[in-house]
Amino acid sequence: MSTLWHGRFAGGPSEALQQLNDSLPFDQRMFREDIAGSRAHVRGLGSVDLLTADEVATILAALDTVEDEIAGGTFAFAPSDEDIHTAVERRVTELAGPAGAKLHTGRSRNDQVATDVRLWTLTALDEVAELVHRLASTLARRADEADERYLPGYTHLQQAQPVLLAHHLLAHGWALLRDLDRLADARKRVDVSPLGAGALAGSSLPLDPNMVAEQLGFSARFENSLDAVSDRDFVAETLFVLSLLGVHLSRIGEEFVVWASGEFGFITLDDAFSTGSSMLPQKKNPDVAELARGKAGRLIGNLTGLLATMKNLPLAYNKDLQEDKEPLFDSIDTMRLTLLALDGMLDTTVFNHDIMEASADSPYAAAIDLAEFLVARGMPFRDSHAVVGGLVRDALAGQGSLHDLVVSHPELGAEAAALLEPGVPVRNRTTPGGTGPVAVAEQLTRFKSALAAAAPASVTA
Ligand code: ARG
C-alpha cells in the first residue's frame, strides 16, 4: 500500500498501526471544510505563481468532482486514505494528474487539519446558537402565557415563597442568554486561520496566509506558526461552553422530571415528548427531561477528556491532537439533539396551574410577609422573625390554624391575616427583578429585547 508519506519508508504500515492511526471514519464529515481549505490554498499558490492558471483551474475542477463524489456517496475510499486530507489529495491527484501532485505545496496536514476543524466549529457554533435562541424564545413565550399564575418557589427543595411561573421560566432563560453570549465570545477565538503555518515553521515559498484567511472568511490569520498548529484552545472552549449549556439544560430537565411526578403533578407532558414502559402499562415517563439531565455528564466528560489530552503536550503538532475531533463532534451532535427535544417538550408541556397554586397557597409560605408586616410597623426584623416563627410552631403543634393565631395576635390581627390569602404573597413583591407581577412584566420586556439583541445572524436574516 502506498501512503502519501511512503517515500522515506521501505515497508508498509502494520494493520494495528493503521487501525489505531486512521481518523477517516470520523473526520470524513469535515470533507466540505477540507475542500474549501484546499480551494483557498490552490488559489493562493496561483496568486504567487507557484501554480499556473491552468493548473489552478484543473485542481479546482478536481476538487469540485471530489466534493460531488463524497456528497453523493460515490467516492471510493482507498485503504491508504488515513484521513480525509489524504483521501481528498489522493483523489485530486488521480483526477488532475501532475497538477494534482502540486496541491500540497507549502502545506502540511498540521495547518490543514487545524483549518478544517476551525471552519467546522464555526458552522457548528452558529447552529447551536440558533437552537439556544429558539429555546430561549420558547421560554419567553411560555412565560408570557403564564401571566400571573404562580407556583411554590423552593430553596433546598423545600417550599420557600410563591413565585410567578413566568419568573421561574425566565430564570432559565437568562442562563441561556449568558450561554449565547459565551457562544459568541468563543466564536471569536475560533475565527482565526492557521493556514500557511505549514508543519510548524511557515514556508520558504512566498505563501500569503492573509490572503487564504480572507478567502476562507476568517477574521484574522495566525500570529505564530507553532501556536497555529498546536492550539486546540478553541475546541476546549467550545466544549466548555457546551458543557455549561448542558448543565443549564440538566437543571431544567431535573425540574421537569420532578414536576411531572405524580406527587407534584405540576405539569403534564405531551405524549410526543414522553415514553411508555415496556412492562407497566400505566407509565408515562419524562425521558426527554431525563436525557437533558443525563447528557450533561457526557458533555463534561468530553471537555475533561480533551483537556487531559492537551495537558503536557510539547510544541508543536502531536498525533494526540487527532483526539480533538470525536469529543467535539459528539458534543455538538449531543447538544443539537438535546436542544431540539427540550424545545419541543417546553413548547408542548401543559402547566397545571391549579395544582401549582394550591401547592403554593400554604399559609406558611406567607410567613415572611407577616414578619415584614411587623417590620413596616417598626419592629426589628429579628424580633418579628421570632414572633412569626413562634406562631408557626404553635400552628404546627395543633394550637389553631395559622390564620386564627394571626387574627388573634395583638400586633398582627385581621389586616395581617389578609396576607395569608391565596395569591397575596406573590403580588406583594414589588422590588425590581423580584417575582411580583409588575416587576416580572418589566423583566419580560427586558428579556425579549436582550433576546432580540442576542439573535444569531441566521435568526435575524
Ligand atoms: N488526521 C490528523 C489529525 O486529525 C491530521 C494531521 C496529521 N498530521 C501529521 N503530521 N501526521 O490530527
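Residue numbers for the sequence shown follow the numbering used here, beginning at -6 and rising by one.
All residues carry an ideal CB built from backbone N, CA and C; glycine is no exception.
Output the distance between the C-alpha atoms of residue i and residue j, rounded to the nearest integer angstrom.
i	j	result
L176	G287	22 angstroms
F227	R180	8 angstroms
A379	G371	15 angstroms
R420	L389	26 angstroms
A192	D47	27 angstroms
S270	P18	36 angstroms
T331	N278	17 angstroms
A432	G166	16 angstroms
P403	I348	34 angstroms
N345	A360	25 angstroms
Q151	L235	30 angstroms
L44	T86	15 angstroms
S212	A434	40 angstroms
Say yes only if the C-beta of residue i is nearer than 7 angstroms to one or more non-hydrogen atoms of the ligand ARG, and no if none qualify.
i	result
S16	yes
H34	no
L13	no
H78	yes
V419	no
Q315	yes
R83	no
K276	no
V106	yes
R102	yes
D20	yes
K288	no
K312	yes
K304	no
K318	yes
Does DSSP put residue i in a helix, in a strand, or in coil?
i	result
T116	helix
Y143	strand
A190	coil
V41	coil
F344	strand
Q151	strand
L10	helix
N278	strand
T261	strand
A94	helix
A268	With the sequence shown as reference, residue 268 is identified as Thr, and Ala is not the correct amino acid for it. Here T268 sits in strand by DSSP.
L232	helix
R214	strand
L124	helix
D176	Inspection of the sequence shows that residue 176 is occupied by Leu rather than by Asp. Correct three-state label for L176: helix.
L198	coil
So residue i and residue j are in contact, right, with Cβ under 8 angstroms, and what is the actual spacing, rounded?
i	j	result
G210	P202	In fact, because the Cβ distance is near 14 angstroms, the residues do not count as touching under 8 angstroms.
L412	L367	Between L367 and L412 the Cβ distance is about 11 angstroms, and since that is not below 8 angstroms, they are no contact.
G30	T98	That pair is no contact at about 14 angstroms.
L169	H78	That belief does not hold up - the Cβ atoms of L169 and H78 are roughly 37 angstroms apart, past 8 angstroms.
D174	A447	7 angstroms
Exercise. Does the region 311 to 320 touch the region 265 to 275, meaning 3 or more C-beta pairs lie closer than 8 angstroms?
Worked result: no
For this session: Taking 8 angstroms as the threshold, find out whether the region 151 to 160 comes into contact with the region 421 to 437 through three or more Cβ pairs.
Result: yes
Exercise. Is the region 210 to 224 touching the region 57 to 66 in the sense that three or more CB pairs, one from each, lie closer than 8 angstroms?
Worked result: no
Problem set entry | Touching by the beta-carbon criterion (3+ pairs, under 8 angstroms), the region 303 to 312 and the region 350 to 357 | no
Exercise. Looking at C-beta atoms only, is the number of pairs between the region 324 to 340 and the region 289 to 305 that lie closer than 8 angstroms three or more?
Worked result: yes
Exercise. Is the region 40 to 55 touching the region 86 to 103, taking contact as three or more C-beta pairs under 8 angstroms?
Worked result: yes
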